[in-house]
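Numbering (our numbering), first residue to last: 2 to 178.
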């Protein structure tokens, strides 16, 4: 985890360390950075927005990336699977280490998948699930009125009047996915 002044410049500099060549016969994505850029990343591009209040009750990072140095790509159209590992050419034994990492990846793929418990779909759903909103109706309507004032004043570039809906969930996140 890094807290930096300009996260987009940091990502660009970090990404430069992984100059992965395009290789004929392999998928276009064969390793590198994978993750997400949240909606609030617009604050790093449009500097005026950086001064606006930005409550974040969940504490979710604006950018979350991981280095994918071992990937399995499924090409459904061609009916192929590609197992790819990245090797650091600066290492003297890069080829041997890459081969070992590829063999380890293939061995993991050969292992049986442990069945997940999953969701019990035979149980009837809760009668009336209780969702919690981040806005009351009055608060939402006041926010819309404020937005209208900003628009009339010509001080509005982009507005997303949204609310977060939450509900208790007692299963593993992968089950929801």
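We treat Cβ as the ideally placed atom computed from N, Cα and C, and that holds for glycine.
Beta-carbon proximity of residue i to residue j, cut-off 8 Å
| i | j | result |
| --- | --- | --- |
| residue 73 | residue 31 | no |
| residue 33 | residue 21 | yes |
| residue 36 | residue 65 | yes |
| residue 168 | residue 130 | yes |
| residue 82 | residue 132 | no |
| residue 110 | residue 86 | no |
| residue 92 | residue 100 | no |
| residue 7 | residue 45 | yes |
Collapsed DSSP secondary structure at residue i in the structure displayed
| i | result |
| --- | --- |
| residue 99 | helix |
| residue 152 | helix |
| residue 132 | coil |
| residue 10 | helix |
| residue 174 | helix |
| residue 111 | helix |
| residue 23 | coil |
| residue 46 | helix |
| residue 145 | helix |
| residue 106 | helix |
| residue 4 | coil |
Close beta carbons around residue i, own chain, < 6 Å, minus the five adjacent residues each side
| i | result |
| --- | --- |
| residue 136 | 164 |
| residue 157 | 151 |
Residues bridged to residue i [DSSP beta-bridge criterion]
| i | result |
| --- | --- |
| residue 16 | None, per the DSSP bridge assignment. |
| residue 34 | 68 |
| residue 166 | 134 |
Beta-carbon proximity list for residue i, same chain, < 8 Å, skipping 5 on both sides
| i | result |
| --- | --- |
| residue 38 | 63 and 64 |
| residue 170 | 177 |
| residue 11 | 3 and 5 |
Close Cβ partners of residue i (< 7 Å) along its chain, the five nearest in sequence each way excluded
| i | result |
| --- | --- |
| residue 145 | 162 |
| residue 89 | 95 |
| residue 28 | 74, 76 and 83 |
For a minimum of 3 consecutive residues, which ranges assigned as the beta strand (DSSP E) are wholly contained in the stretch 48-99?
Qualifying beta strand (DSSP E) stretches, in chain order: 64-69, 71-76 and 81-86.
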